[in-house]
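Our numbering applies: residue 346 is where the sequence shown begins, and numbers increase by one.
Every residue gets a Cβ at the ideal spot worked out from N, C-alpha and C, and that includes glycine.
Every value quoted in this text rests on a predicted model; they were computed, and no experiment measured them.
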Amino acid sequence: MKALTLSLALPLFLLAADASAASYRCGTKLASSGDRTIEVENKCGAPNSHHFIGYTQVVNGIGGVQIEEWVYGPANGALYFLRFEGGRLTAVESKRQP
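Next comes the structure, spelled out in structure tokens:
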């Protein structure tokens with residue numbers, strides 16, 4: 346029974362860990378993985394800067410999607426980098442300032 350519980354809990358834990366990795370709290374709102382750029386801007390305001398990174402790789406003749414990086418902060422001594430692929434939030438990273 347213990348093994349069954351563990352086997353059911355592990356995938357849920359992994360999903361929760363993945364979801365928290367792509368979220369950014371701005372005030373009382375939360376920008377989460379899958380949010381569109383306009384949704385993030387409505388929740389968090391305009392970023393301090395944004396950069397066009399490039400396109401994802403073309404596979405089997407199917408075109409790639411645009412990749413952008415938005416930068417927020419500094420907030421609490423850190424900069425926050427939000428990555429968008431095809432206009433959807435895919436990753437959030439933070440970096441402490443020296």
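Relative to Gly431, the option among Gly379, Gly406, Asn405 and Val416 whose CA is nearest is Gly379. Scanning its chain for C-beta atoms nearer than 8 Å, with the 5 sequence neighbours on each side dropped, one finds around Glu414 the residues His395, His396, Ile398, Phe426, Leu427, Arg428 and Phe429, in chain order.
Where Val437 is concerned, the enclosing beta strand (DSSP E) starts and stops at Arg433 to Arg441.
In this structure, Val437 sits away from Ala391, with a CB-CB distance that is not shorter than 7 Å. Taking a 10 Å sphere around the C-beta of Tyr369, we find 16 or more other C-beta atoms and assign the residue as buried. Put simply, of Gly418, Arg441 and Gln411 the residue whose alpha carbon is nearest the alpha carbon of Thr435 is Gln411.
The alpha-carbon of Lys388 is positioned some 37 Å away from that of Asn405.
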